[in-house]
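Peer 1: If you number the sequence shown the way UniProt numbering does, the last residue is 57 and the count never jumps.
Here a beta-carbon is modelled for each residue, glycine too, at the ideal position from N, C-alpha and C.
The structure displayed is predicted, hence computed values, not measured ones.
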Amino acid sequence: MSDPHGTVVPMTHQATPSPRRSSAGRALPAVLAVAGLSAVAWTCAILYVLADWATGS
Numbered sequence: 001m002s003d004p005h006g007t008v009v010p011m012t013h014q015a016t017p018s019p020r021r022s023s024a025g026r027a028l029p030a031v032l033a034v035a036g037l038s039a040v041a042w043t044c045a046i047l048y049v050l051a052d053w054a055t056g057s
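(1) How many angstroms separate the CA atom of Gly56 from the CA atom of Ser38?
(2) Using only the alpha-carbon positions, how far apart do Leu28 and Thr43 sit?
(3) Pull up the DSSP beta-bridge partners for residue 62, would you.
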């Protein structure tokens with residue numbers, strides 16, 4: 001960049017990789033594990049209710 005007088009202004013900001021990417025990479029397996037456990041729990045609950053209804057207990 002340069003100012004109106006023609007002198008060069010050094011760029012002080014350097015591009016650095018975002019720390020969010022590395023933490024997101026570690027968080028995704030945990031999110032998938034929780035979602036999987038939730039799906040298993042819901043499936044068990046639904047099967048339990050259906051079995052209870054089918055047997056008339």
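Peer 2: Taking the coordinates as given:
(1) As a first step, residue 56 is located in the sequence shown; it is residue number 56 there, counting from the start. As a first step, residue 38 is located in the sequence shown; it is residue number 38 there, counting from the start. When rounded, the distance between both Cα atoms is 27 Å.
(2) Locating residue 28 in the sequence shown gives position 28, where the first residue counts as 1. Locating residue 43 in the sequence shown gives position 43, where the first residue counts as 1. Rounded to the nearest angstrom, the two C-alpha atoms are 22 Å apart.
(3) With the chain represented from 1 up to 57, any question about residue 62 goes unanswered, as that position is not in the structure.
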